[in-house]
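Residues -19 to -1, 1 to 516 (mature numbering (1 follows the signal peptide of the UniProt record, and there is no 0)) make up the sequence shown, in order.
Glycine included, C-beta positions come from ideal geometry on N, C-alpha and C.
Scroll down for the structure; my scribbles are underneath it.
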Amino acid sequence: MAPILTLLLSLLLEPLALATNPPPPTDRCTNLQAPPLPGLTILSFTTTPLLNHTVPATPPFLTTAVPNLTLCEVNIALTHPPANDTVNIQLWLPLSPSSWNTRFLALGGSAWAAGLGPFSLAPYTAQGFATGSTDAGVGFAPLSPAGWAIKDGKVDEVLLENFAGRAVHELAVVGKAVAEGYYGRKPGYAYWNGCSTGGRQGVVAAQRFPGDFDGIVAGAPALYWTRYLIGELWPQVVMREVGYYPTTCEFQAVRGEVVKECDGLDGVRDGVISELGKCTFGVDKLVGRTVTCGEGEVEITGKLAEVVKKIWEGPKTAEGKRLWYGLTRGAPLETLAANHQLNGTAVGDPFFVAQDWIRYFVKTDPTFDLSGLSPAILRQLFDESVEKLAAAIDSSDPDLSGLQRAGGKLLIWHGEADNIIFPQASIQYREEVQKKLGLTARRVDDFFRLFIAPGVDHCGQGTIDGAAPTDPLAALISWVEKKKAPQELAAATLPTAKTQFTRKLCPFPLVAKYDGHGDPTKAESFQCAKGCGRS
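Written out as structure tokens, the structure is:
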């Protein structure tokens, strides 16, 4: 009798158990439906469970493979009638709700790509974030906008609007809504993390959509887009005007000598110029000096010195005033001053993002020839770029009052030796925000902090030997969730650096100063203090 009663009892309780036990995670993923998304037209919504998934290393986008991922991949395609665009959003959600850290993290793009998809999602999904990326409707083509920039002989304004900022907002809206539908509750916090183009996207969110994210990390942001891209062409103009095209080896040799001269000004010799304001060394003093160049030696000539000096100065107006910034002392010059030999003659190689900006957007002529650039032509292109397109993509609005009211936090960091995007522009933006809002520096620090990383190149790629921030997102999360404003950012050199050391990066305008007696390779031997200014 007892076995029969047990069987009956189990049959009676089975429906209750089914009603109270959640479905297996794979069922949760495959059964997920698109949430209501007012104002958005959804073309497709698909879900796929990925078990023990590996994203292989794919430099430069992902330097280390990310294995053993278990997640729900959600792909959403949307459009903006009557435009015939297709914006693809990809979300990676930790498959088990118990693996979710209750945060949504949107990740930015690079160069001409609005998002990097799995390459950016994988490391953070592994940490428990619900993550998201968008292609803004322009596809994944970081090296060229050729496939989308021009439509019917004109700039495709719909896709430019997507790329410039609209897609960032839609990623936030869709990502948070889908995460809520999957986990049954809203994300506790939403964050943005990106560098370069991704940094610009983050600042756009702070300016235009201040309620989308609780916190934003914007590394080396491509602000003042229509201006800085023309400025990137200045080294090409200089080489043509001087009539001398230095080799990469020559540029590196000069940079090495300049670093030697200015390295110790902060009290520590570590291969890094820590206070550019103190480095007033004139490259003319190097003329005639023989320096190591690869396996041989080279003499620094007057023409080589002239090229370097003018690149540092940056382009000027016809009246001699600054048009835009030059590369800083200590920054590698060979990226923007690239050149090669063609039939025995040196010719310039304009940086691809700047070149395509001119061809596809400013001139809407993919064959436009930049080989004849002069100072006058550069000034003309600068004016044309700003007048035609600044309103669409410049991302330089200093009015962050919306972010301040929303309680959001913006953390910008920028390598002081950035070889692609000029760090002076991030400093300019910080100063313009303070002026626009009429606040003291301390009040601006309540919601916007800027950190300059001495000796660090673009996005901390590691071509030179400064200490880049190790985890600015963690510092931002602590600021947002624990109200602990970052008084410093932990930073370290990459394993490839000639000298290994840790540093603390200080909120602008402070700089890290050596205490005079501690281990100079340790961050604790440095204190944040007033510097002598930036250049």
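Self-check item: Among VAL492, LEU418, ASP8 and ASP399, the one whose alpha carbon lies nearest that of CYS176
Solution: ASP399
Quiz item: What is the C-beta distance between THR207 and LEU370, in whole angstroms, given that I count them as a contact (C-beta under 8 Å)?
Solution: About 5 Å separates the two Cβ atoms, so the contact holds.
Quiz item: Among residues of its own chain, excluding the 5 on either side of LYS290, which ones have a beta-carbon nearer than 6 Å to its beta-carbon?
Solution: VAL264
Quiz prompt | DSSP-derived helix/strand/coil call for ILE23 | solution = strand
Self-check item: When ALA406, ASN33, THR83 and GLN217 are compared against GLU462, the one with the closest alpha-carbon
Solution: THR83
Quiz prompt | Distance between LEU381 and GLY134 (C-alpha atoms, nearest Å) | solution = 36 Å
Self-check item: Cutoff 7 Å; reference ALA107; Cβ partners in own chain excluding five residues on either side
Solution: The residues are VAL47 and LEU50.
Practice problem: May I have the straight-line CA-CA distance separating THR474 from GLN508, to the nearest angstrom? | Solution: 18 Å
Quiz item: Rounded to the nearest angstrom, how far is the Cβ of LEU18 from that of VAL154, given a contact under 8 Å?
Solution: The pair is a contact, with the Cβ atoms about 7 Å apart (cut-off 8 Å).
Quiz item: Grouping DSSP H, G and I as helix and E and B as strand, with all else coil, what is GLY258?
Solution: helix
Quiz item: With contact counted as at least three CB pairs below 8 Å, one residue from each stretch, are the segment 314 to 322 and the segment 182 to 190 in contact?
Solution: By the criterion of at least three beta-carbon pairs nearer than 8 Å, the segment 314 to 322 is not in contact with the segment 182 to 190.
Quiz item: PRO75 by DSSP, collapsed to three states: which one?
Solution: strand
Quiz item: Which whole runs of the alpha helix (DSSP H) in the segment 155 to 230 are 4 residues long or more, in chain order?
Solution: Runs of the alpha helix (DSSP H) inside the segment 155 to 230: 178 to 189, 206 to 212 and 215 to 223.
Quiz item: When DSSP builds the beta bridges, which residues end up paired with PRO488?
Solution: PHE432
Quiz item: Rounded to whole angstroms, how far is the Cβ of ASP251 from the Cβ of PRO501, which I believe are closer than 8 Å?
Solution: 7 Å
Quiz item: By Cβ distance, which residues of its chain are closer than 6 Å to CYS243, with the 5 residues on each side in sequence left out?
Solution: ILE254, CYS260 and PHE262
Exercise. Look up CYS274 in the DSSP assignment and give the residues it is bridged to.
Key: GLY277
Quiz item: Sorted by chain position, which residues of the same chain lie with C-beta nearer than 7 Å to GLU469's C-beta, five sequence neighbours on each side aside?
Solution: LYS485, LEU486, CYS487 and CYS509
Self-check item: Runs of alpha helix (DSSP H) lying entirely within the segment 300 to 352, each at least 4 residues, in chain order
Solution: 333 to 337
Self-check item: Start-to-end residues for the alpha helix (DSSP H) that takes in CYS10
Solution: 6 to 11
Quiz item: By the 10 Å Cβ neighbour count, where 16 or more other Cβ atoms means buried, how is LEU24 classified, buried or exposed?
Solution: exposed
Exercise. With DSSP collapsed to three states, give me the class of ILE393.
Key: strand
Quiz item: Is GLY196 near TYR170, with beta carbons less than 9 Å apart?
Solution: yes
Quiz item: Under 9 Å, do GLU151 and VAL68 count as touching if we go by C-beta distance?
Solution: yes
Self-check item: Given THR45 as reference, the closest of PHE482, TRP93, GLY20 and ALA103 once Cα atoms are compared
Solution: ALA103
Quiz item: Does DSSP put ILE292 in a helix, a strand or coil?
Solution: helix
Practice problem: Could you give the DSSP three-state label for GLU238: helix, strand or coil? | Solution: helix
Practice problem: Report the three-state DSSP secondary structure of GLY146 (helix, strand or coil). | Solution: helix
Quiz item: Quick one, are the C-beta atoms of LEU454 and VAL198 less than 9 Å apart?
Solution: yes
Quiz item: Distance, Cα to Cα, ASP375 vs TYR205?
Solution: 5 Å
Quiz item: Beta carbon of TYR341, beta carbon of ALA15: below 9 Å?
Solution: Cβ distance not < 9 Å, so TYR341 and ALA15 don't count as in contact.
Exercise. Could you work out which residue in THR115, PRO216 and ALA504 is closest to VAL149 when comparing CA atoms only?
Key: Per the Cα distances, THR115.
Quiz prompt | LEU431 versus ALA422: straight-line alpha-carbon distance, rounded | solution = 11 Å
Quiz item: Per DSSP, what kind of secondary structure is PHE507 in: helix, strand or coil?
Solution: strand
Practice problem: Please name the residue or residues paired with LYS417 in a DSSP beta bridge. | Solution: Bridge partners of LYS417: none, in fact.
Practice problem: Starting from the C-beta of LEU(-2), find all residues in its chain whose C-beta is less than 6 Å away, skip the five residues before and the five after it, and write them out in chain order. | Solution: Note that LEU(-2) has pLDDT 41, beneath the 50 cutoff, so the model's placement of it is unreliable and the number below is only indicative. For LEU(-2), where only same-chain residues beyond five positions count, there are no Cβ hits under 6 Å.
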